[in-house]
Amino acid sequence: MYTFETVCTIVNEKFEISDVKLTEDTTWDEIGADSIDLVDLISEIESDLDISIPDEAIEDFKTIGDLVRYLEENA
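The numbering of the sequence shown is our numbering, which starts it at 1 and goes up by one.
As structure tokens, then:
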């Protein structure tokens, strides 16, 4: 299962933002990720976890914490 630290590692690698301190309250805008970037990130996580995240759930991911909580509850 993905933890906050694991998600942060993937986010840091995908968006090349290792100099930014990520928290559960970090928004996608703060790291320069647009909706297409978020969909790509979700696709990578779905592949890694062998799960499917519905599109309507993705719309609710405003912060890294939102994504982590969803994964903890559904993965």
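Even for Gly, the Cβ is constructed at its ideal location relative to N, Cα and C.
message: Quick check on DSSP: helix, strand or coil for Thr26?
response: The answer is coil: DSSP assigns Thr26 none of H, G, I, E or B.
task: To the nearest angstrom, report how far apart Arg69 and Phe4 are at their CA atoms.
output: Cα-Cα distance, rounded: 9 Å.
- request: Using beta-carbon positions only, say whether Phe15 and Ile31 come within less than 7 Å of one another.
  value: Result yes, Cβ atoms of Phe15 and Ile31 sit closer than 7 Å.
Where Thr63 sits in the DSSP three-state scheme: Of the three classes helix, strand and coil, the one that applies to Thr63 here is strand, per DSSP.
query: Helix or strand or just coil, what does DSSP make of Ala57?
result: Assignment of Ala57 by DSSP, reduced to helix, strand and coil, places it in the helix class.
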